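Residue numbers (numbering that gives the first Met the number 0), protein chains in the order written: chain Z, 0 to 329; chain G, 0 to 376; chain R, 0 to 565. The beta carbon of each residue, even a glycine, is placed where N, CA and C say it ideally should be. Here the structure is a predicted model, which is why all the values come from computation and not from measurement.
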Amino acid sequence: MGLSASERAKRHEEEQFLERGVSLWQDAWHRLLRNRMAVAGLIFVGILVFCALTADFLPPYSYREADYENTRIGPRWPDHIFGTDKLGRDVFSRVWWGTRVSLTVAIVGSLTSLIIGVTYGSISGYIGGRVDNLMMRFVDVMYGFPTLLFIILIMVVLPSENAIQGMINIFIAIGVVGWMGMARLIRGQFLSLREKEFVLAAKMVGASHARIIARHLLPNSLGPAIVSLTLGIPGLILTEATLSFIGLGVPPPIPSWGQMVSEGWRGLRATPHLTIFPGLAITLTMLAFNFLGDGLRDALDPTMRGTALVRAARRKRRKARRAAARAAKA
Amino acid sequence: MQRFILRRILWNIPVLILITVVTFGMMQIVPGGPFTAGSSGRPIPPEIRANMMAKYGLDKPVWQQYLNYMGRLILHFDFGPSLRRPGRTVNQMLFGGNFLVDVLREHLRDEFGTAASSMTFAEPPSIFDSKALVVKTNGEPVAYIYITWRDRFEAVKRFLTLAPVMVSAQVGLVSVTLALLIGIPLGIISALKQNTWIDYVAMFISMLGVSIPNFILGIVLILVFALWLGWLPTYGWGESWKQVIMPAITLGTGGMAFIARLTRASMLEVIRADYIRTARAKGLAERVVVLRHALKNSLIPVTTVLGPMMAAWLTGSFLVEWVFSIGGIGKFFVSAVTDRDYTLIMGTILIYSVALVLFNLAVDIAYGFIDPRIRFD
Amino acid sequence: MKTRTWYLLAGVVVLAAMLITACQPQVQTVVVTVPPEIKEVEVTVPVPVTPEEEEGLGAQCTYNAYRMGWVMDYADANNIVNEVFHPDSPFQYTFWDDQTFRDLVDQALVETDAAAREALWQQAEQILVTDYAAVVPIFHYDRTGLVNPDIEYEFPPFGAPHFMKWRLPEGRDTLRVRLGTEPPTLDVNLATDTTSHMVLNQLMEPLYRYKGDGTIEPAGAESYEVSEDGTVYTIHLRQDATWSDGEPVLAQHYVDGILRLLNPETAAEYSYVMWYISGAEAYNLGETDDPSTVGVRAVDDYTLEITLDKPQAFFDSILAFFTTYPIRLDVIEQYGDAWTEPGNFVGNGPYVLTEWAHEDHLTIEKNPNYHDADQVTIERVEFPIIVEDATALAAYERGELDVSGYPSEELPRILEEMPEHFVRMPRPGTYYIGLNTALGATQNLNFRKALASSIDKRAILDAVLNMPWRVEACGVIPPEIPGYQGCGKVGYQFDLDAAQQYLQAAMEELGVTDPGEITIQLWFNRGNEDVIEAVEEQWETNLGINVNVVNMEWGAYLEVLDSCND
């Protein structure tokens with residue numbers, strides 16, 4: 000080994016660092032924090048969550064407070080900074096409120112598909128064999144329906160007696176069409192993990208099926224699932240906008256970005272502010288989730304495991320060395 | 000290989016049949032039927048609705064309706080009459096009807112002049128026939144008309160250019176091509192320049208592409224290129240190449256961004272692989288390494304998503320066809336449901352699922368070319 | 000093995016749950032119910048309290064109010080007061096009933112004196128709108144659009160324009176008119192929508208037609224006589240009329256048209272319009288399959304005779320309706336379903352169909368065989384099909400279209416930048432909210448009055464719809480129709496004090512102390528968000544009640560309303 004003393008010391012330090020037993024998630028978190036774009040995305044998502052939580056009391060107006068004297072006015076400081084819509088409602092407050100709706104639709108919608116998909120996929124992947132084959136045939140059938148047509152059929156079938164139910168319908172519709180991809184992904188993970196040494200070892204030791212799934216298979220396949228979920232959320236926000244375009248979106252007067260955009264886009268020249276602000280909200284949110292998703296993918300990539308900590312350790316050491324040098328100089 | 004393809008096709012037959020069953024069932028659950036509201040938008044009085052239901056056999060039990068429908072479909076490739084477009088069949092609405100009839104009619108008109116309008120064919124001619132019997136309205140035979148190769152070619156040509164399903168396919172094909180031509184290079188470049196400003200700009204552009212709703216992109220393009228600059232026509236398809244540009248951009252942008260990001264991710268994975276390191280170590284030029292070794296392997300995930308993507312795009316995009324008034328079948332995916340045009344719903348769903356099956360099959364076969372290690376068992 | 004079974008079971012449960020959630024057609028909701036005995040406190044006209052049977056109300060019929068609209072077919076109040084709002088009409092869902100109203104309608108139908116008839120319709124309207132407050136009219140429709148200002152145009156109040164009367168500027172011979180959808184059909188007996196009739200109106204000629212000023216002029220007919228008892232119409236046809244293939248138009252063609260419309264196998268939507276003809280209803284409903292029992296016959300080649308069950312004073316309006324088009328049975332027989340395609344279609348109108356590229360465009364050209372061909376100056380009319388309003392507007396502004404629609408969102412800009420292109424034409428009709436008189440709080444008359452008088456219709460028209468010229472509606476009869484009464488004479492105007500008084504009275508009767516305890520369901524179909532959101536907001540703000548809006552897609556909406564009304 001032609002390593003110099005200092006190099007050997009460095010190796011040692013790195014190894015020590017790794018041996019401390021950092022969990023997969025902790026490690027991923029550290030690597031995520033090193034990705035500037037992902038952090039920006041994370042902060043933006045944080046702001047969105049804040050907006051969603053405070054939508055009831057922080058915005059200057061209620062999302063439904065009409066003012067027939069001031070309809071469709073452009074952005075105006077300081078009372079209507081984003082302008083007003085056809086009922087004279089404040090667009091700024093509605094965009095703020097829309098955060099809650101759009102975020103809920105996207106997150107609950109994707110959680111629905113995650114839960115269904117993970118359950119279905121893990122059953123199919125774990126049991127394997129004929130059951131797997133049959134279950135995957137069913138997924139094929141579901142895939143065979145055009146998504147849009149299927150969502151419309153579901154939305155038309157489900158009754159919507161009030162706004163809440165209307166939103167729940169959207170969750171169901173999105174969940175019902177979105178789970179197949181997730182199920183395939185989880186099943187694929189399970190099939191390949193099932194044969195891995197550590198799973199076989201656990202089986203040999205006599206671990207129960209539940210334990211193998213819960214402790215070994217699920218955690219190891221959840222990474223890709225979370226990544227695909229984060230990357231799927233922006234798609235859902237767009238799906239909601241498309242549904243609004245057809246007239247099957249969130250029922251009024253509750254605002255969602257998609258609904259605001261699809262109500263306003265035809266008047267792009269007369270009243271651009273009705274499209275631009277909610278449209279901007281959609282675009283920024285999609286960017287944020289995409290950056291976050293890409294960051295997560297890099298962070299959860301098992302081949303990259305540990306690198307962040309190693310780099311962090313190197314950086315720390317470099318800093319310490321520089322500090323020492325400075326101290327020596329002084 | 001042949002056995003693999005055959006088996007895949009056979010496997011999909013029960014899947015397709017199940018899809019028809021589920022669709023048929025769902026249509027019964029959906030509140031409102033084809034004759035709840037008339038095309039005038041008014042409710043139809045119940046007595047009159049009963050007449051309409053009887054006319055289309057909707058008063059029969061559901062299982063009987065289903066069997067009738069499937070029988071006609073399988074035996075005669077007949078998707079049935081459209082319920083909301085009296086006088087038109089779903090075959091006409093999807094496939095544009097029998098183009099050979101139009102071609103032969105033109106011959107008749109050349110031959111007989113105005114008298115041709117009182118002539119029809121004893122049986123609808125097909126391109127596999129060699130001749131068709133021309134009869135008068137009262138059934139009296141007039142002449143045989145021979146079907147030449149030129150007629151067949153002309154009929155096929157008209158089908159490829161005019162049939163609604165082909166119009167949608169054209170829009171989809173142009174958009175997919177655009178998405179691939181721009182998306183893949185963009186992905187490669189940003190993977191090779193990972194974490195540089197080139198990477199960031201490329202990814203930002205592609206993310207922007209995904210995050211703008213199609214209809215907004217469409218109207219912005221119309222306003223800019225058609226209205227303000229006046230370079231391109233506002234709507235339509237098939238009359239000039241200029242009409243292709245805006246729909247292709249509108250539909251293609253989202254896919255382009257998606258493909259760029261997918262290519263980047265898989266490229267990043269591939270260039271870290273051992274064999275690439277080996278190739279580099281051998282002293283191969285970077286260009287050769289990337290193009291010959293890395294690219295081929297990083298295209299596998301792109302190929303995978305291409306199947307469903309082509310199926311979805313080539314069967315027509317609702318939004319693009321709506322905004323640019325293109326006479327494809329994409330609009331039917333929405334209007335068939337809102338109109339409760341049962342036969343049209345079945346037709347569109349079947350077209351989509353058959354397209355999905357075919358494109359997925361094509362993808363599987365394409366794997367074999369890209370990666371010889373993948374074998375068909 | 001056991002675990003595998005368990006997983007299978009779990010899978011089945013998940014699938015079943017999904018199926019149930021996806022298929023469950025109705026979820027029951029709780030609505031505020033009121034004690035059945037209702038006392039009348041503040042009644043101006045003695046109104047008998049109608050005992051409402053709730054049998055028809057299924058679990059899903061939880062609406063207190065629903066949105067609906069009606070565009071009139073012909074210029075008689077019968078078309079709205081009787082055909083739409085009669086307690087037995089299939090077009091209303093309010094469950095209201097009144098014997099005086101029924102009697103008034105029966106009288107009005109046979110009354111031939113115009114003034115007396117008008118008065119009868121007005122009384123009936125009073126009972127419906129004022130006494131019962133079963134319907135809350137919001138505004139009266141009109142027709143708006145964009146037309147190239149260089150063109151001389153004319154829009155009749157009913158049906159589609161006749162392009163034979165339009166004039167293009169010097170040097171042009173092609174008119175380009177945007178269609179918003181593919182015409183569902185050009186079969187003259189089956190077409191009922193405005194798009195199909197935009198085209199059919201040029202290809203066909205009815206007996207009479209509407210002029211721009213709303214009066215009727217003879218077209219395929221020359222004159223008609225009515226028998227003493229008002230039941231037999233003898234119509235004399237013009238003798239120079241020919242079909243586009245040169246054949247003369249005969250009385251038998253008109254008979255064929257009406258009989259084909261009524262034939263149950265044709266399954267025509269508007270066949271009920273002709274039920275006034277004796278024997279028509281029985282034939283249309285399949286009670287008899289003998290068409291000769293229908294009171295339509297050709298006396299000779301150019302004389303048509305129509306016999307009614309009983310005198311109908313407005314029947315001359317029906318003569319101008321598209322249900323009286325003549326048809327050519329020989330053509331229909333020859334081509335079957337394809338008879339409406341260009342080349343096959345034979346019409347008697349000023350234009351012939353030359354091109355129909357489905358879902359893309361239609362073209363019609365001047366019919367040289369038309370009897371009045373000299374008067375037709377526009378050689379060609381092209382109908383590009385552009386579904387999206389925003390696209391159509393862009394195409395119009397580029398000069399690709401002469402007649403077009405516009406997205407309502409762009410209206411302020413259009414009025415400002417291109418007012419000379421904007422046209423506004425009468426289209427008699429009423430946009431209204433119906434109240435369910437059989438359910439919950441809207442059972443109470445005073446509550447219905449409170450709802451009716453707390454909508455600021457003017458603000459909705461001026462600010463929300465941006466159409467300040469539209470007429471706010473208090474009654475259901477539109478201003479263009481004889482019998483129009485106007486706000487102040489019928490129904491309820493926006494009046495907050497009155498609304499509060501009605502509300503107080505209603506709350507006493509309902510035994511409610513706080514209006515916040517009252518929740519009503521307002522149903523509407525998608526596309527009416529503008530108006531309904533405003534109405535909902537005003538009811539909540541002005542009355543302090545809770546309004547739950549439910550929007551549905553049109554097909555589902557009608558189906559649910561219909562099933563409640565059975």
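Note on geometry: alpha-carbon atoms of Ser210/G and Ala37/Z lie some 17 Å from one another. Excluding five sequence positions before and after Tyr324/R, the CB atoms of its chain that fall closer than 7 Å to its own CB belong to Val187, Met203, Pro205, Gly256, given in chain order. Burial state of Met203/Z is exposed, judged by a 10 Å Cβ sphere holding fewer than 16 other Cβ atoms. For Met118/G, the secondary structure class from DSSP, reduced to helix, strand or coil, is strand.
Beyond the five residues adjoining it in sequence on each side, Ala168/G comes within less than 7 Å, by CB distance, of Leu313 in the same chain, given in chain order. Judged by their CB atoms, Ser222/R and His235/R are nearer to each other than the 7 Å cut-off. At a cut-off of 7 Å between beta carbons, Leu557/R contacts chain G.
The alpha carbon of Thr176/G has as its nearest neighbour, out of Ile244/G, Ile18/G, Gln63/G, Pro140/G, the alpha carbon of Ile244/G. A direct Cα-to-Cα measurement between Val138/Z and Met179/Z gives close to 6 Å. Residue-level contact check: Tyr301/R does not touch chain G, since none of the beta carbons of chain G fall below 7 Å from its beta carbon.
Under the 7 Å criterion on CB atoms, Asp139/Z is classed as interfacial with respect to chain G. Counted as a single uninterrupted DSSP element, the beta strand (DSSP E) harbouring His139/R occupies residues 134 to 146. In this structure, Trp236/G keeps its C-beta atom at 7 Å or more from the C-beta atom of Glu387/R. Taking CB atoms only, Asp529/R has a neighbour in chain Z less than 7 Å away. Secondary structure at Leu99/G: helix, using DSSP grouped into helix, strand and coil.
Every alpha helix (DSSP H) stretch that sits fully inside the region 172 to 247 of chain G and reaches 4 residues is listed by chain position as 196 to 210, 213 to 220. Not one beta carbon of chain G lies nearer than 7 Å to the beta carbon of Leu261/R. Trp95/R carries a coil assignment under DSSP once its states are collapsed to helix, strand and coil.
For Leu189/R, a Cβ of chain G is located within less than 7 Å of the residue's own Cβ. Rounded to whole angstroms, the separation of the alpha carbons of Thr191/R and Tyr232/R is 25 Å. Interface with chain G (7 Å Cβ-Cβ cutoff): Glu268/R is included.
Look at the region 82 to 94 of chain Z: the residues with a C-beta under 8 Å from a C-beta of chain R are Lys85, Leu86, Gly87. Taking Glu153/G as the centre and dropping the five residues before and after it, the same chain places the C-beta of Val102 closer than 7 Å to its C-beta, in chain order. Taking C-beta separations shorter than 7 Å and ignoring five residues to either side along the sequence, the partners of Lys448/R in its chain run Ala132, Tyr491, Tyr501, following chain order.
The alpha-carbon separation between Ser407/R and Gly278/Z amounts to approximately 20 Å. Under the 7 Å criterion on CB atoms, Asn132/Z is classed as non-interfacial with respect to chain G.
Not flagged as an interface residue toward chain R: Ile73/G, since no C-beta distance is shorter than 7 Å. Boundaries of the alpha helix (DSSP H) around Gln537/R: 528 to 542. The alpha-carbon of Pro124/G is positioned some 36 Å away from that of Thr193/R. Close to Arg84/G, with beta-carbon spacing below 7 Å, are these residues of chain R in chain order: Pro183, Thr184. Between Glu181/R and Glu358/R a beta carbon distance of about 5 Å is seen, short of the 8 Å cut, so the two are scored as contacting.
Each residue's CA atom was taken as its position, placing Leu400/R and Phe332/G some 28 Å apart. The shortest C-alpha to C-alpha distance from Ala64/R to any of Phe94/R, Val80/R, Ile79/R is the one to Phe94/R.
Within 8 Å of the CB of Ala54/Z, no CB atom of chain G is found; the nearest one sits about 22 Å away. Secondary structure of Ser403/R (DSSP, three-state): strand. Bounds of any alpha helix (DSSP H) do not take in His360/R; it lies within the beta strand (DSSP E) bounded by 360 to 365.
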